[in-house]
Amino acid sequence: MNAIVAESDLFRALFETAPDATIVVDRDGRIVLANAQAEALFGRAPGTLAGEPVEALLPTALRGGHAAHRERYMANPRLRPMGAGFELVGQRLDGSEFPVEISLSPVRAGASPLYAASIRDISETQRVRQALARARYDAAVAEAGRIALESRAVESLLPSIPGMVAGALGIDGVAVLLPAQQRSGLQVQAALGVPPALLDELPALLARDTDDALPAAAAAAGLQRTASLPLHGRYGADGALLAFAAEPSAFDRDQLHFLQSIANLLSAALQRRHSEEQLAHAQRLEAIGQLTGGVAHDFNNLLTVISGNLQLLQDGFEGAEREQIVQGAMRAVANGAALTRKLLAFARRQRLTPRTIALPEWLADLHALLRRTLGESIAVSIRCPAATPAVYADPGELDAALVNLALNARDAMPRGGNLDIEAGELRIDADGEVADLAAGHYVVIAVGDTGTGMPADVLARALEPFFTTKDAGRGSGLGLSMVYGFARQSGGSMTITSELGYGTRVALYLPVATRSEAATPTPAGTPRRGGKVVLVVEDEPEVRGIAVAFMRALGHDTRVADTGEAALALLRADASIELLFTDVVLGSGINGIELAREARLLRPGLPVLLTSGYERTGEDIDDPQLPLLRKPYRREALAEALDGLFERAARS
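The letter at position 383 of the sequence shown is residue 383 when you use my numbering, and the numbering goes up by one with no holes.
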């Protein structure tokens with residue numbers, strides 16, 4: 001008996017002196033014992049907790065579901081924490097709520113079981129955790145901002161975002177979606193920890209109007225918590241930042257604020273990219289306005305040659321004279337096509353893909369354009385040794401850069417003068433210091449003039465966007481800054497030297513191409529012309545007539561259609577068709593690329609040849625089985641393209 005009393009006294013002493021608030025509950029959920037720490041924690045007077053239902057210690061909103069949780073525990077009592085993975089909340093007598101941690105344990109079994117709950121107020125712990133989490137979030141946002149400022153390209157920022165967000169939040173998956181480049185809708189640009197099946201579904205899920213499609217698909221993939229933050233471009237939603245976690249609890253306010261900060265940073269980077277593209281385009285248009293006079297003159301000359309030669313043919317010339325007239329007209333057409341391509345590449349909105357550029361030929365073409373554009377008062381000389389290495393750069397941007405430098409030089413020589421463009425190679429070793437360039441092999445393209453030059457204060461600001469010394473309406477101040485940006489993005493640099501009264505010299509440093517993208521000519525085999533049935537699809541009657549005439553001259557039979565829908569009907573009805581030759585841009589309905597894909601579904605293995613006069617069309621074709629013949633094309637080029645397709649079909 002004494003031992004039992006001693007044991008009871010020991011239990012009560014331990015119970016009363018326990019550092020945590022502790023209560024003992026019976027089978028019905030009524031509080032049997034409560035120590036002083038529990039009474040103080042819940043704001044109760046001494047002795048008033050005993051007899052109360054344990055639900056009285058919970059917020060009103062949580063009391064209804066607590067009985068079921070209590071029954072489940074009492075059916076299998078053991079020492080364990082309560083509510084793992086959930087945030088537990090207690091309520092004081094005055095109604096104030098506070099976060100708690102609770103540990104449960106059975107005290108007595110048998111007919112009258114008892115259960116103990118040890119309760120700890122974690123308000124301070126939670127405040128520390130929140131402070132640490134906020135510091136972690138702030139550090140991640142600062143790092144993302146640093147990358148965005150240093151790279152000035154959203155493509156450099158994107159790869160680091162998923163890991164940065166997942167690490168800061170301690171979550172399972174992150175994805176960033178942006179508009180697709182070559183089709184409508186969104187595509188995943190960067191992701192981490194998202195199951196592949198869900199990753200493939202994300203663009204379609206975000207395209208749906210319902211808000212529950214994404215959370216439902218994520219839950220099916222084992223990710224119970226989802227957050228979707230829109231990325232806002234210049235004209236509205238322009239993508240999405242998605243976050244996923246396996247735990248079902250919702251993202252808290254601080255986490256959502258962090259995600260919104262990252263989304264805002266990405267949105268700002270997207271808007272900046274769009275603004276820079278708009279500025280670059282505006283600057284090109286400014287230069288094109290000054291090119292117009294020279295281009296119009298060149299085209300009038302070309303039209304004069306073509307018109308004159310056609311009139312001479314009407315006069316009935318024969319033999320060698322007839323051939324000479326035809327060749328003159330064809331050369332004029334080729335020159336016009338080349339001029340058109342150069343102008344379209346110069347004026348286009350989107351950035352071109354860098355490629356290998358052979359400078360001697362490139363600068364020779366530019367020479368003719370500049371002589372006509374700058375006028376007779378400017379003497380243009382270009383020196384580029386035949387052995388000058390090729391550069392790897394964006395052709396349209398290189399044209400824009402050199403034309404802008406030439407126009408700046410012209411404006412600095414109002415009474416005329418000399419414009420000298422000289423190209424040469426430069427090797428920089430590890431110890432060399434030239435224009436902040438890394439060691440390597442470069443080509444230097446220097447543009448010098450004999451103009452007014454710049455004083456030191458103007459030279460110091462020459463690369464600032466929108467800085468200009470020209471009168472209002474005569475320049476945007478974008479030229480030199482755009483040229484410098486092009487050089488840096490190409491892996492090179494730019495320097496300017498100038499002295500008032502002695503002219504200016506701008507040196508453009510570009511990396512030498514390390515690989516050639518030029519296709520190696522293959523020996524021409526024996527053409528297998530004639531005897532095929534070709535479906536010609538072209539909405540312009542005159543162009544369609546030329547294509548049909550060329551096909552017949554090559555010995556092919558033809559079927560014709562002026563729309564994609566009509567072409568598909570012919571393909572269904574006429575099994576003899578052996579090749580599809582279609583324009584890309586058709587007047588209405590489906591375009592040529594869509595027609596080609598539909599045709600190959602109808603007739604697998606059907607050879608397809610596309611044609612277009614639009615410079616940017618090739619960028620929209622991501623299928624190597626769809627070759628493109630650019631307009632205007634010669635009959636020989638058409639024959640070569642057809643032969644290649646027929647030979648490939650024969651081998652397959």
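Ideal Cβ placement from N, Cα and C applies to all residues, glycine included. Just so you know, these numbers come straight off a predicted model, no measurement behind them.
Exercise. Hey, could you find the ends of the beta strand (DSSP E) Gln653 is sitting in?
Key: Lying before the first or after the last residue shown, residue 653 is absent from the chain, which here runs from 1 to 652.
Exercise. Please report the residue range of the alpha helix (DSSP H) in which Ser156 lies.
Key: For the purposes of this step, residue 156 is taken as residue 156 along the sequence shown, with counting starting at 1. Per DSSP, Ser156 belongs to the alpha helix (DSSP H) from 154-157.
Exercise. Report the partner residues of Glu101 according to the DSSP bridge assignment.
Key: The residue you call residue 101 lines up with position 101 of the sequence shown. Per DSSP, Arg120.
Quiz prompt | Identity of the residue in Arg634, Ala358, Thr388, Glu52 nearest Arg333 by Cα | solution = Numbered from its first residue, the sequence shown carries residue 333 at position 333. Position check: residue 333 holds Val in this sequence, whereas Arg was assumed. Ranking the options by Cα distance to Val333, first place goes to Arg634.
Exercise. Return yes when the Cβ of Ala191 is within less than 9 Å of the Cβ of Gly167, no when it is not.
Key: In the sequence shown, residue 167 corresponds to position 167, counting from 1. In the sequence shown, residue 191 corresponds to position 191, counting from 1. Between Gly167 and Ala191, the gap from beta carbon to beta carbon reaches 9 Å or more.
Quiz item: Around the C-beta of Glu361, are 16 or more other C-beta atoms found within 10 angstroms, so that it is buried, or is it exposed?
Solution: For this step, residue 361 is matched to residue 361 along the sequence shown. It counts as exposed.
Self-check item: Extent of the continuous alpha helix (DSSP H) run through Gln224
Solution: By one-based count along the sequence shown, residue 224 stands at place 224. Where Gln224 is concerned, there is no enclosing alpha helix (DSSP H), given that its DSSP letter is neither H nor E.
Practice problem: Check whether the Cβ atoms of Leu178 and Leu158 sit closer than 9 Å, and answer yes or no. | Solution: As a first step, residue 178 must be located in the sequence shown, where it is residue number 178. As a first step, residue 158 must be located in the sequence shown, where it is residue number 158. The beta carbons of Leu178 and Leu158 sit closer together than 9 Å.
Quiz prompt | Unbroken stretches of the alpha helix (DSSP H), 4 residues or longer, contained in the segment 27-75 | solution = Secondary structure within the segment 27-75: the alpha helix (DSSP H) runs of 4 or more consecutive residues, fully enclosed, are 36-41, 60-75 (chain order).
Quiz item: By how many angstroms is the C-alpha of Glu39 removed from the C-alpha of Gly51?
Solution: To locate residue 51, count along the sequence shown from 1; it is residue 51. To locate residue 39, count along the sequence shown from 1; it is residue 39. So the alpha carbons of these two residues sit roughly 13 Å apart.
Self-check item: Contact belief for Val447 with Leu402 at Cβ below 8 Å, rounded distance in angstroms
Solution: For the purposes of this step, residue 447 is taken as residue 447 along the sequence shown, with counting starting at 1. For the purposes of this step, residue 402 is taken as residue 402 along the sequence shown, with counting starting at 1. Right, the Cβ-Cβ distance comes to about 7 Å (below 8 Å), so this counts as a contact.
Self-check item: Buried versus exposed, by CB contacts within 10 Å (16 or more), Val377
Solution: Within the sequence shown, numbered from 1, the residue matching residue 377 stands at position 377. Contrary to the premise, residue 377 reads as Ser rather than Val in this sequence. When all chains shown are included, Ser377 counts as exposed.
Quiz item: Is the Cβ-Cβ distance between Val533 and Ile577 less than 9 Å?
Solution: Looking up residue 533 in the sequence shown gives position 533. Looking up residue 577 in the sequence shown gives position 577. Result yes, Cβ atoms of Val533 and Ile577 sit closer than 9 Å.
Quiz item: Who are Gln130's beta bridge partners in DSSP?
Solution: Counting from 1 along the sequence shown, the entry for residue 130 is found at position 130. Its beta-bridge partners do not exist; DSSP assigns none.
Quiz item: With DSSP run on the structure shown, which of helix, strand or coil describes Arg12?
Solution: As a working mapping, residue 12 is identified with position 12 in the sequence shown. Residue state, collapsed to three classes: helix.
Quiz item: Once you ignore the five residues that flank Val536 on each side, which residues in its own chain have a CB closer than 6 Å to its CB?
Solution: Working through the sequence shown from its first residue, we reach residue 536 at position 536. Close CB contacts of Val536 within its chain, under the 6 Å cut and outside five residues either way in sequence, are with Ala547, Val548, Thr558, Val560, Phe581 (chain order).
Exercise. Return helix, strand or coil for Phe581, following the three-state DSSP convention.
Key: Here residue 581 corresponds to residue number 581 of the sequence shown, with the count starting at 1. In the three-state DSSP reduction, Phe581 falls in the strand class (E or B).
Quiz prompt | Host alpha helix (DSSP H) of Met164 (start-end) | solution = As a first step, residue 164 is located in the sequence shown; it is residue number 164 there, counting from the start. Run containing Met164: 161-169, per the alpha helix (DSSP H) assignment.
Quiz item: For the segment 360-393, which segments carrying the alpha helix (DSSP H) assignment without a break, of at least 4 residues, lie completely within its bounds, in sequence order?
Solution: The qualifying runs do not exist here; there are none.
Practice problem: Can you have a look at Phe86 and say buried or exposed, based on whether 16 or more other CB atoms are within 10 angstroms of its CB? | Solution: Translated into positions along the sequence shown, residue 86 becomes position 86. Label assigned to Phe86: exposed.
Quiz item: Does the beta-carbon of Val176 have 16 or more other beta-carbons within 10 angstroms, so that it is buried, or is it exposed?
Solution: Along the sequence shown, one-based indexing puts residue 176 at 176. With a threshold of 16 other beta carbon atoms within 10 Å, Val176 meets it and is buried.
Quiz item: Residues in its own chain within less than 7 Å of Gly453 by CB, not counting five upstream and five downstream?
Solution: Counting from 1 along the sequence shown, the entry for residue 453 is found at position 453. These residues qualify, in order along the chain: Ser498, Glu499, Leu500, Gly501, Tyr502, Gly503, Thr504.
Practice problem: Could you check what DSSP says for Tyr137 in three-state terms: helix, strand or coil? | Solution: Residue mapping note: residue 137 aligns to position 137 of the sequence shown, counting from 1. In this structure, Tyr137 counts as helix in the three-state DSSP scheme.
Quiz item: Distance, Cα to Cα, Ser20 vs Arg208?
Solution: By 1-based counting over the sequence shown, the position of residue 20 is 20. By 1-based counting over the sequence shown, the position of residue 208 is 208. The identity of residue 20 in the sequence shown is Asp, whereas the question assumes Ser. Approximately 51 Å between the Cα atoms of the pair.
Quiz item: Among Asp562, Ala435, Ala117, which one has its Cα closest to the Cα of Leu104?
Solution: Working through the sequence shown from its first residue, we reach residue 104 at position 104. Closest option to Leu104, judged by alpha-carbon separation, among Asp562, Ala435, Ala117: Ala117.
Quiz item: Which partner residues does Ala21 have in the DSSP bridge list?
Solution: As a first step, residue 21 must be located in the sequence shown, where it is residue number 21. For Ala21, which the question treats as bridged, DSSP gives the partners Ile119.
Self-check item: Alpha-carbon to alpha-carbon, Ala639 and Leu609
Solution: Position 609 of the sequence shown holds residue 609. Position 639 of the sequence shown holds residue 639. CA-CA distance, Leu609 to Ala639, rounds to 11 Å.
Quiz item: When the Cα atoms are used, what is the spatial distance from His556 to Asn408?
Solution: For this step, residue 556 is matched to residue 556 along the sequence shown. For this step, residue 408 is matched to residue 408 along the sequence shown. Each residue's alpha carbon lies about 54 Å from the other.
Self-check item: With 16 other Cβ atoms within 10 Å as the buried cut-off, status of Ala412
Solution: Against the sequence shown, residue 412 aligns to sequence position 412. By the beta-carbon neighbour count (other beta carbons within 10 angstroms, threshold 16), Ala412 is buried.
Quiz item: So is Ala218 buried or exposed if we call it buried at 16+ other beta carbons inside 10 Å?
Solution: The sequence position of residue 218 within the sequence shown is 218, counting from 1. Classification for Ala218: buried.
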